[in-house]
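Here's the structure, in structure tokens; my notes come after.
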Amino acid sequence: MNSQEVVVMLEECRGAVLAGAAGAPGEYQEGYQRCRESLSAELQGLLQEAVEMKWPFVPEKWQYKQSLAQEDKTNLKDMISERLPELLAFMKASILAGESVSAASVVFLVDRFLYWVDASSKLLQIAKALHRLHPGTPLAPQLVLRQARLSVNTGDACLKPRRVTQQLGLQSRTSVKPLH
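Here it is, written out as structure tokens:
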């Protein structure tokens, strides 16, 4: 998947979030369930860990997962890049179905990869719009800090990163519901 296709899919997700307030999430539940079930068990596990916010930042195991068997040695960057269309489709289905926690978990999972391919600004727009639509949905600190850094780098007012951080608010882990 080339970066132009990634940007198009991210724009579709952003459009779904922006239209989310007017949509009827119930009619999209079936598509959401189908997308979720089509993901590999490993991806579902990673998304569940993201939902549970077992860590505030992408841990080393997301860079490379290593186990004793050679066939189990997986470069997660490659796994995400190979399955990025599925993950972005799941994010869009989550948004349409009103499953904001699932959508936020995908945002977190693909954030580092999209940063590497220089498409994270679109993803941050989705995260901000998702938070506006569902303010109770916790976002990973990694995303909040990246947004704050982006505000500073673009020359926004010095206090804006602080406002963004306060606005997005780091929710407690107890407010997170499971992906299943």
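In the working numbering, the protein residues as written are 806 to 985. C-beta: ideal position from N, C-alpha, C; glycine also.
Three-pair Cβ contact test at 8 Å for the region 929–949 versus the region 879–888:
Proximity of the region 929–949 to the region 879–888 falls short of the contact definition, fewer than three beta-carbon pairs being nearer than 8 Å.
Per DSSP, what kind of secondary structure is L944 in: helix, strand or coil?
In the three-state scheme derived from DSSP, where H, G and I count as helix and E and B as strand, L944 is classed as coil.
Helix, strand or coil for M858 per DSSP?
Reduced to three states, the DSSP call for M858 is coil.
Rounded to the nearest angstrom, what separates E887 and S956 at their Cα positions?
For E887 and S956, the gap between their C-alpha atoms comes out near 31 Å.
For D923, which three-state DSSP category applies?
Looking at D923 - three-state DSSP - the assignment turns out to be coil, as it is neither helix nor strand.
Of the listed residues L950, S907 and G941, nearest to A855 (C-alpha basis)
Closest option to A855, Cα to Cα, is S907.
Backbone CA spacing between L950 and T959 [nearest angstrom]:
C-alpha separation (whole angstroms): 14 Å.
Given a cut-off of 7 Å, decide if L892 and V915 are closer than it, judged by their beta-carbon atoms.
Contact flag set, yes.
Nonlocal neighbours in the same chain, by C-beta distance under 7 Å from G832, ignoring five residues either side
Per the sequence presented here, residue 832 reads as Glu, with Gly not at that position. Excluding sequence neighbours, E832 sits near nothing in its chain.
For A962 and E842, I'd like the C-alpha separation in whole angstroms.
Here A962 scores only 48 on pLDDT, less than 50, and its place in the model is too uncertain to base an answer on.
Taking the C-alpha atoms as reference points, what is the distance between L844 and E835?
Going by the C-alpha atoms only, they are around 15 Å apart.
Starting from M806 and walking both ways along the alpha helix (DSSP H), at which residues does that stretch end?
In the DSSP assignment, M806 falls outside any alpha helix (DSSP H) and carries neither an H nor an E.
Take the Cβ of R819 as the centre, count every other Cβ of all protein chains shown within 10 Å, and call the residue buried at 16 or more, exposed below.
With 16 or more other Cβ atoms inside 10 Å of its own Cβ, R819 counts as buried.
Mind listing, in chain order, the continuous alpha helix (DSSP H) runs of no fewer than 4 residues lying wholly within the region 812–853?
Counting only runs that start and end inside the region 812–853, the alpha helix (DSSP H) elements of at least 4 residues fall at 834–843.
Please report the residue range of the alpha helix (DSSP H) in which E891 lies.
Note, E891: alpha helix (DSSP H), L881 to L901.
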